[in-house]
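Residue numbers (UniProt numbering), protein chains in the order written: chain A, 1 to 308; chain B, 1 to 355; chain C, 1 to 309. We put the beta carbon where it would ideally sit given N, CA and C, even for glycine. Computed from a predicted structure; not experimentally measured.
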């Protein structure tokens, strides 16, 4: 197991390097003036442009630029945002909020998604199964910002059940609705995935054995079938963290949440390249670590997978 | 040995078992454990109705081994699953007949009562132990589950019993391997674990559905030996389902040959081998290579088994039968006594017997 | 002994049952299954309508979508304007019809791009193995590390649109962004498909007979490895349309004066509190399009995978 983790961590290094380079190149190396818009409507004074280019090593060849950036990154320096605040500080503060949001979204996925999927799976072809299939399909088809804005409108504004926006404290109650919106598509995917696995596993030979052993149906389904059906679901939830972090941009915008997504969106609007690269890099690294964690968990959940 | 003889022997042998299951509410009468009576099973699919079992009857006594022989699609596994109560319904549907265990009809029994017969009374070993064991639980845990579900035993006691059972079925280093997972065992060892699980609660009837088909030839013999040993030790009634005549020869007392969902011949194992009374059985026997007939062509049965959605009228075997006459395409032969304690479902059994 | 008995008795009951007029191939069996599936037909009809809408919107409406009647702004659905008018007085029905084009273009072109790029790289990696496989797989890993929406946002932010960017340029930019980020999943899928097909006897036989690699790929590997790619690509088409709308919502995809469902929805959100009908129609059309492609993909998958029946 220890060896496997080390190997995986080593494999992750080129991926992180590649991904950060890609992001860096996209923001800094491509045509377009990185100082555009920084000085209001007019172009920036040449002195400012020169200082900016010097500061960010923009006069060096791309690889050298990137190398220097990486050197700073290795020391934990993500650069300074347009407002003169270190990106790292800004992110550290905002990651707490986005982290809460994402964790609550994962909780929604797990609770509702798995419950609906199991229910549909064991009642295959019945009313509840069709209900789950149709409603999940609808949720997947409707863009998340439409779902978000509509729920905000009806549950928040009209019925006053939930706060419409989220304060900088981002309390549990305030995040209930936004996290549900963020999770909505994933809830649907997980319900469908759980259902498909339940249906397939209910036909498995070992479930027939469980029945032949005289186990109650509750135990044969709730333990033997479910335990096996959840392995791919757990994997999906892990991989989905990447989608949640990306999706947080939309959700945080709808509910005006002061999280990483909101910061990223603001930075893009302000053409703040340093902040954008830093934020996306941080998101990608978190995503990659989540994937590693899932792979390790997979080995624990499924004894057939060996990490030796 | 005739049928009546074997059953009376079984009845005396059965005393030992009756002792072991004194707490059971099911008491076999004169050693008679299981009576399958005119059973019908259909499968309703998108493409139509497949008549999988069309009137199957047989009895099983304590200490007796009944082999059910047939090719795939003959209904032998479906029969076993119907007896066990593990048919998927739907698509399967039991449209007629009774399955009586110690005189009580299992088919009309309340679900919960029937569930409690699975394991302590009737138990089953499947063909493919790798897929039949749950991949994510240790084998010891899966054996122990029998004691925990049916006997309400605590975890450590149940594990103790599981280790003893694993030792009984000759799994080396059982104590160390009790926490291992199914994929960590060889095919033969996995089948031993299946068997240990099936005999855990001392069932009166053990059904083994192609228990050795997935195994190497040398391992096959060991597993059959183990089954026979356990059966004699516990005086179980054993139903052995197979498509392989070679497997049953040494082990079975009686053989029922199935074709297209019906029993076409039923006999004592030696009588059947010596002198088959149904053309299908005869064909099966002739297709076994024999050393003394080296150099001759192997006789195979021509044609294919019938489509269960369109079983030919008359005798289902008539399109492949070398004895077939016009009568066979119109009139379905019923199972009848062709010799003392020998039954066959063929209009021309006498001719088959004589030539 | 065992073996001979088995052979003589014959195990092929089910095959025997199925062979009415010769063996059925997987593809024709799948098609037979598809024809019976009403969901397949519903999705095909929906997709046909939306594609037609994108190609010739004039067939569906004679109203000019750029004609704003400011005094009638926010009007509810009526006989004159079937879907009502939006906050700037545009006819919502006309704008919804004309909005199909952007979504369909983005969906179709991105799918084409990802399938071509993804399959080509997947085949190279899966078929040749060795260093080519390693290289492609590592590059795939790098691209997969960047979530689709996140990367799309980054790309569109790097190449921002001006108010005078031509429509088709913006559409192609979105297509490019989604293609760059979308191909790796298809490459992975194709690679594993090819690796599953490759060891089969008929491929090895063709190889032994001296068929060229290109011929083996074209006539043996592709037909057998393509099914899962088609299924995923179809479902992805819906996803791309959804992402395109999301980029519009964030203000970095298509922007006014371009007409698209994403733009309409984004505009409508401002007025959601008072006039929800403005949001309803473009959202409905967008969702129906996404739904149709997902259902089509599902139906095709079910037809190819007998287990799910």
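* Which same chain residues, not among the five before or five after residue 318/B, have their C-beta less than 8 Å away from its C-beta? -> 312, 324, 328 and 329
* To do: Identify the continuous alpha helix (DSSP H) that holds residue 191/C and give its terminal residues.
  => 167 to 197
* Are the region 251 to 260 of chain A and the region 165 to 181 of chain B touching, with three or more C-beta to C-beta distances below 8 Å? -> no
* Give every residue of the same chain whose Cβ lies closer than 6 Å to the Cβ of residue 121/C, excluding the five residues on either side of it in the sequence, and list them in chain order. => 136 and 187
* Asked: For residue 231/A and chain C, any beta-carbon pair shorter than 8 Å?
  -> no
* In angstroms with no decimal places, state the Cα-to-Cα distance between residue 96/B and residue 90/B. => 15 Å
* When 157/A, 304/A, 271/A and 132/A are compared against residue 81/A, the one with the closest alpha-carbon -> 271/A
* In the structure shown, what three-state DSSP assignment does residue 96/A receive? -> helix
* Could you name the residues of chain A that residue 290/C contacts, counting a contact when the two beta carbons are closer than 7 Å? => 141
* Answer with buried or exposed for residue 228/A, where buried requires no fewer than 16 other C-beta atoms within 10 angstroms of its C-beta. => buried
* To do: Specify the secondary structure class of residue 147/A as computed by DSSP and reduced to three states.
  => helix
* **residue 283/A at chain C interface by Cβ criterion, 8 Å** => yes
* Asked: Quick one: is residue 60/A buried, meaning 16 or more other Cβ sit within 10 Å of its Cβ, or exposed?
  -> exposed
* **Host alpha helix (DSSP H) of residue 209/A (start-end)** => 205 to 212
* **Within chain A, the residues that residue 172/C reaches when beta carbons sit closer than 8 Å** => By Cβ distance, chain A contributes nothing, its closest Cβ being about 16 Å from residue 172/C, past 8 Å.
* In or out: residue 34/B buried (at least 16 other Cβ within 10 Å) or exposed? -> buried
* **Unbroken beta strand (DSSP E) run spanning residue 48/B, endpoints** => 48 to 61
* What separation, rounded to the nearest whole angstrom, lies between the Cα atoms of residue 241/C and residue 103/C? -> 5 Å
* Asked: In the region 243 to 254 of chain A, which residues sit with their C-beta less than 8 Å from some C-beta in chain C, listed in chain order?
  -> 243, 245, 246, 247, 249, 250 and 253
* Asked: Which ranges would you report for the beta strand (DSSP E) in the region 39 to 83 of chain C if only whole runs of at least 3 residues count?
  -> none
* Are the C-beta atoms of residue 273/B and some chain A residue less than 8 Å apart? -> no
* Who are the near neighbours of residue 260/B in its chain, counting only those whose CB is closer than 6 Å to its CB and skipping five residues on each side? -> 306, 311 and 316
* Residue-level contact to chain B via CB, residue 295/A, 8 Å cutoff -> no
* **Range covered by the beta strand (DSSP E) that runs through residue 68/B** => 65 to 69
* To do: Could you check what DSSP says for residue 344/B in three-state terms: helix, strand or coil?
  => strand
* **CB contact below 8 Å: residue 303/C versus chain A** => no
* Asked: residue 154/B touches chain A at which residues, Cβ-Cβ below 8 Å?
  -> Simply none; closest approach about 17 Å.
* **Segments assigned alpha helix (DSSP H), at least 4 residues, entirely inside the region 257 to 291 of chain A** => 260 to 269
* To do: Pull up the distance between the alpha-carbon of residue 311/C and that of residue 12/A, whole angstroms please.
  => Nothing can be reported for residue 311/C: it is not among the residues displayed for chain C, which extend from 1 to 309.
* For residue 259/B: DSSP bridge partner residues -> 262/B
* **Within 8 Å, strictly: CB atoms of residue 89/A and residue 263/A** => no
* **Residues near residue 176/B in its chain [Cβ-Cβ closer than 6 Å; skip 5 each side]** => none
* To do: List the residues of chain B whose Cβ lies closer than 7 Å to the Cβ of residue 117/A, in chain order.
  => Within 7 Å Cβ-Cβ: nothing; residue 117/A doesn't reach chain B, min ~18 Å.
* Asked: Alpha carbon to alpha carbon, what distance is there between residue 336/B and residue 155/B?
  -> 53 Å
* Return the first residue and the last residue of the beta strand (DSSP E) that residue 223/A is part of. => Counting along the chain, residue 223/A falls outside any beta strand (DSSP E), and DSSP gives it neither H nor E.
* Asked: residue 54/B to residue 37/B, Cα distance in whole Å?
  -> 11 Å
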